[in-house]
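Colleague: One structure, as structure tokens, below. Some questions next.
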Amino acid sequence: MTRKPIDNNPGRRPKIGLALGSGSARGLAHLGVIRAIEDVGIEVDLVAGTSMGAFIGAIFASGNLDRLAAGFLDFDWKIIASMLDPVFPKSGLIDGQKIADFVRTHVHNASIEDLSIPFRAVATDIMNGEEVVIETGDLIEAIRASIAVPGIFTPVRNNGRILVDGGLVNPVPVSTVRAMGADLVIAVDLNHDIVASRLSPPNSLENGKLYANAVTRMLESLQSIENPILSQFSTWLHKDPLPGIFDVLLASIYIMQERITQASLQHDKPEILIQPPLGAVRFMEFDRVEEIIAIGYECAREQLAAFTDVGKDTWK
């Protein structure tokens with residue numbers, strides 16, 4: 001798909017679409033990006049999000065972003081662990097219902113159709129590999145499907161399909177927001193430096209210790225479950241953290257998402273591309289919220305300033 005020409009009709013302002021990419025804890029940068037967009041006076045008409053981008057995008061489209069940002073400021077590892085609901089590891093380690101409950105406290109709209117800004121969530125049908133754009137129905141279920149990282153969160157059943165993280169097929173949904181009718185697209189890519197920044201050589205002991213500590217904190221929430229498999233996993237993690245199962249799984253996803261993102265952005269270039277340097281932020285580091293938001297904000301301001309200086313009459 002090629003970039004749509006800007007409608008120069010003086011009586012019509014071009015529709016601004018926001019494509020929010022996947023990124024786990026790095027996705028908190030979307031909060032800073034949206035704040036920067038608002039500060040320069042750009043009005044967003046359409047939103048599409050993948051994974052954490054769907055989470056933030058849905059809250060933004062519901063008009064409750066400030067409340068969400070305030071809630072994240074209190075996050076620490078104790079709160080993060082309390083939101084994880086481990087299950088017997090059959091199709092995923094975490095059910096995701098507590099995360100869904102957290103989202104529910106920040107939205108007043110039960111369905112996508114009721115949002116104040118048109119919104120789409122991107123997921124993947126794990127049975128056939130197809131991209132699934134969720135545009136109607138239960139908002140919480142749509143978010144839950146889009147964030148279901150394979151192997152970590154259990155999949156979601158939806159209309160006869162089994163859905164997982166949309167980052168497997170469309171990490172930065174530029175094509176989705178264009179299909180919604182956007183004339184000008186602002187895209188946020190959180191995958192551009194993830195492989196180089198996140199992955200260390202397998203003999204890096206320091207990296208292994210840091211990651212083992214992070215996962216150990218998550219495993220504290222599993223202590224209430226008397227399960228020999230989980231107990232064995234915890235023991236193994238401390239004995240031989242390099243490489244860990246999470247390292248292998250997440251590294252595979254990161255490599256795939258970075259390659260897909262590069263190809264899709266070359267094929268369908270957004271008018272404004274924002275790429276915060278957050279590759280070193282780990283999967284569950286939501287306790288770095290202020291730092292991540294600030295980086296997203298500053299990166300967005302730089303890109304938006306460059307664009308608005310050149311074409312400020314095209315988006316108002």
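Using the working numbering, you'd call the opening residue of the sequence shown number 1 and step up by one each time. All residues carry an ideal CB built from backbone N, CA and C; glycine is no exception.
Apart from the five residues on each side of it in sequence, which residues of its chain come closer than 6 Å, Cβ to Cβ, to E302?
Modeller: Counting only Cβ-Cβ distances below 6 Å, and skipping sequence neighbours, we find nothing.
Colleague: For A196, which option in R178, S175, Q257 and I152 has the closest C-alpha, if you only look at C-alpha atoms?
Modeller: Minimum Cα distance to A196 is reached at Q257.
Colleague: With a threshold of 8 Å, are at least 3 pairs of Cβ atoms found where one atom belongs to the stretch 125–132 and the other to the stretch 99–108?
Modeller: no
Colleague: Kindly list the residues whose CB is nearer than 6 Å to the CB of H192, restricted to its own chain and excluding five residues on each side of it in sequence; keep chain order.
Modeller: If we look at H192 and ignore the five residues flanking it on each side, its Cβ neighbours are Q275.
Colleague: Which residue's Cα is closest to the Cα of R104: M52, V132 and A58?
Modeller: A58
Colleague: Only counting the same chain, and skipping five residues up and downstream in sequence, which positions put a Cβ closer than 8 Å to that of G160?
Modeller: Within the same chain, G160 has no close Cβ partners at all.
Colleague: At which residues does the beta strand (DSSP E) containing G166 begin and terminate?
Modeller: No beta strand (DSSP E) contains G166, which DSSP labels as neither H nor E.
Colleague: If you measure between the beta carbons of G279 and I194, is that distance less than 8 Å?
Modeller: Against a cut-off of 8 Å, the Cβ pair of I194 and G279 comes out as a contact.
Colleague: Considering only C-alpha positions, which residue in the set L304, A25, I253 and L18 is nearest to I293?
Modeller: A25
Colleague: In angstroms, rounded to a whole number, what distance separates the CA positions of R157 and A145?
Modeller: Rounded to the nearest angstrom, the two C-alpha atoms are 8 Å apart.
Colleague: Counting beta carbon pairs with one atom in the stretch 31–49 and one in the stretch 115–123, are three or more of them shorter than 8 Å?
Modeller: Yes, they touch.
Colleague: For V248, I'd like the list of residues in its chain whose CB is within less than 6 Å of its CB, leaving aside the five on either flank, ordered along the chain.
Modeller: Contacts found: none.
Colleague: Closest by CA to A263, which one among V281, F246, D287 and D189?
Modeller: D189
Colleague: Please go through the same chain and pick out, in chain order, the residues whose beta-carbon is closer than 6 Å to the beta-carbon of L68, but skip the five residues on each side of it.
Modeller: I59 and H106
Colleague: What's the C-alpha gap between S252 and E43?
Modeller: 37 Å
Colleague: Once you ignore the five residues that flank L265 on each side, which residues in its own chain have a CB closer than 8 Å to its CB?
Modeller: V172, V174, A187, D189 and L273
Colleague: Using 8 Å for Cβ pairs, my map puts I52 next to G32. What's the rounded Cβ distance?
Modeller: A small fix is needed here, since residue 52 is Met in this sequence, not Ile. Contact doesn't hold; Cβ gap of about 13 Å is too wide.
Colleague: As a quick exercise: from V281, L163 and A70, pick the residue whose alpha carbon is nearest that of I295.
Modeller: V281
Colleague: Checking 8 Å against the spacing of the C-beta atoms, do V177 and L18 come in under that value?
Modeller: It is a contact, given that the beta carbons lie within the stated cut-off.
Colleague: Consult DSSP for A179 and reduce its assignment to one of helix, strand or coil.
Modeller: For A179, the three-state secondary structure derived from DSSP is helix.
Colleague: Got a sec? Which residues, its chain only, sit under 7 Å from E113 by beta carbon, not counting five neighbours each side?
Modeller: T136
Colleague: Does DSSP put L184 in a helix, in a strand, or in coil?
Modeller: strand
Colleague: Exposed or buried, which one is A306 when buried takes at least 16 other CB atoms within 10 Å?
Modeller: So A306 counts as exposed.
Colleague: Which residue or residues does DSSP assign as beta-bridge partners of N158?
Modeller: R161
Colleague: Helix, strand or coil for V281, going by three-state DSSP, please let me know.
Modeller: coil
Colleague: Near V133, what residues of its chain come up, given a Cβ to Cβ distance below 7 Å and the 5 sequence neighbours on each side ignored?
Modeller: R120, V122 and T176
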